[in-house]
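Taking the working numbering, I'd label the letters of the sequence shown as residues 12 to 134.
Ideal Cβ placement from N, Cα and C applies to all residues, glycine included.
Notes follow once the structure below has been shown.
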Amino acid sequence: VRLMDLAANRRKREEAMANGGAASQVGGSVEEGGVSSVERILMEKDNQDEAADLMDRLQTQALLCAKTNNLQGLEEVLDQDCFIDTKDEHGNTLLMLAAQQGSKKIVKMMLRRGANIHAQNDA
Numbered sequence: 012v013r014l015m016d017l018a019a020n021r022r023k024r025e026e027a028m029a030n031g032g033a034a035s036q037v038g039g040s041v042e043e044g045g046v047s048s049v050e051r052i053l054m055e056k057d058n059q060d061e062a063a064d065l066m067d068r069l070q071t072q073a074l075l076c077a078k079t080n081n082l083q084g085l086e087e088v089l090d091q092d093c094f095i096d097t098k099d100e101h102g103n104t105l106l107m108l109a110a111q112q113g114s115k116k117i118v119k120m121m122l123r124r125g126a127n128i129h130a131q132n133d134a
């Protein structure tokens, strides 16, 4: 939840700067709403970068929760649309990590949520 708040705050700051900042004069042609097409493209790229950063953080948190048997933390991360078959640097999925740790509760939760039982790691 906190990561989503950070992303929302950043978006609000960018919109405020776009509406009144000097960047809105880029290229000289301004469309409706005071945002030029160049600026809109830059904002969309920033949002894509921001979304990618957010997903990376969520996946890292999910991997950590699976490794440390943190059921509640893992459920919260997955509720924020983290990919259920996220893999670590060795290709181990969240389900594999939970099974390696012997966490029956996390394994059951992952299976209920549709984790891929046929995934293979890089070994």
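Helix, strand or coil at Thr71 according to DSSP, with G and I counted as helix: In the sequence shown, residue 71 corresponds to position 60, counting from 1. Residue state, collapsed to three classes: helix.
Sheet register partners of Lys98 (DSSP bridge): As a first step, residue 98 must be located in the sequence shown, where it is residue number 87. DSSP, once it has assigned bridges, lists Thr104 as partnering Lys98.
Arg124 (DSSP reduced to helix, strand or coil): Along the sequence shown, one-based indexing puts residue 124 at 113. Residue state, collapsed to three classes: coil.
Buried/exposed call for Val12, threshold 16 Cβ in 10 Å: Looking up residue 12 in the sequence shown gives position 1. Unreliable positioning characterises Val12 in this predicted model, as indicated by a pLDDT of 49, which lies under 50. A coordinate reading is not provided.
Simplified DSSP state of Cys76, which is helix, strand or coil: Within the sequence shown, numbered from 1, the residue matching residue 76 stands at position 65. Three-state result, Cys76: helix.
Straight-line gap, Leu74 to Met66 (C-alpha atoms, nearest Å): Within the sequence shown, numbered from 1, the residue matching residue 74 stands at position 63. Within the sequence shown, numbered from 1, the residue matching residue 66 stands at position 55. Whole-angstrom Cα-Cα distance: 12 Å.
Beta-carbon proximity check, Met120 vs Leu82, cutoff 8 Å: To locate residue 120, count along the sequence shown from 1; it is residue 109. To locate residue 82, count along the sequence shown from 1; it is residue 71. Yes.
Residue environment, Asn103, which counts as buried when at least 16 other CB atoms sit within 10 Å: Numbered from its first residue, the sequence shown carries residue 103 at position 92. Its Cβ being crowded by 16 or more others within 10 Å, Asn103 is buried.
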